Amino acid sequence: SRVSPEKIMGYIYGVLHAPAYREKYIEQLKTGFPRIPFTEDKKLFEKLSDLGFELIQAHLLEKEFDSQYGELIGSGNNIVKAPRFVEGKKLGKIYINETQYFENVPKSVWEFHIGGFQVIDRYLKYRKDRVLGLEEIENVAKIVQSLAFTIDQMKKIDKLTNGWI
17 SRVSPEKIMG YIYGVLHAPA YREKYIEQLK TGFPRIPFTE DKKLFEKLSD LGFELIQAHL
77 LEKEFDSQYG ELIGSGNNIV KAPRFVEGKK LGKIYINETQ YFENVPKSVW EFHIGGFQVI
137 DRYLKYRKDR VLGLEEIENV AKIVQSLAFT IDQMKKIDKL TNGWI
């Protein structure tokens, strides 16, 4: 039976987020296009494709999350001064100025890197000395939620791929 391009794209995206794959092909990922290993196991292909497709939706910020991660708290002018993470007992806070912060942020989300950049820190530093508008505030919350989801998905992908990649 024929496999749709969407299923293949989901599979590739899933494989690209496998920790074992990232470790094994780190040099090729830096310089160009590394090979994508394909499995003969149809069920494994389907599972990885589904996980990858969910990641695509999350990274496009199109996935709806039922999460309390990343809500902006505190009164102030919404101006980004010096973003910083303050660790709590379970979850931390990302301060954008002295009186306002995004709450309920896992440390692993704050520390998450893509392409050598710490995602949320980079997003906020790019907006230093600017007022965050409503859309940008919502984007930070969505990014926090998306990264938390990504970390969980990568754990699931790792369980499926850690042994054959």
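Count the sequence shown with the working numbering and you get residues 17 to 181, in order. Where a beta carbon is used, it is the ideal one built from N, C-alpha and C, also for glycine. Keep in mind it's a predicted model, so treat the numbers as computed, not measured.
ARG138: member of the alpha helix (DSSP H) spanning 135 to 141, first to last residue. The way I'd put it, the stretch 56 to 68 doesn't touch the stretch 77 to 88; fewer than three beta-carbon pairs between them come closer than 8 Å.
Distance from the CA atom of PRO122 to the CA atom of ASP57, rounded to whole angstroms, is 35 Å.
When secondary structure is reduced to three states using DSSP, ARG38 falls in the helix class. In the structure shown, the three-state DSSP call for GLY108 is strand. A residue is called buried when at least 16 other Cβ atoms come within 10 angstroms of its Cβ; TRP126 meets this threshold and is buried. Around the Cβ of THR47, a 10 Å sphere holds fewer than 16 other Cβ atoms; the residue is exposed.
Counting every other CB atom within 10 Å of its CB across the protein chains shown gives HIS33 a total of 16 or more, marking it as buried.
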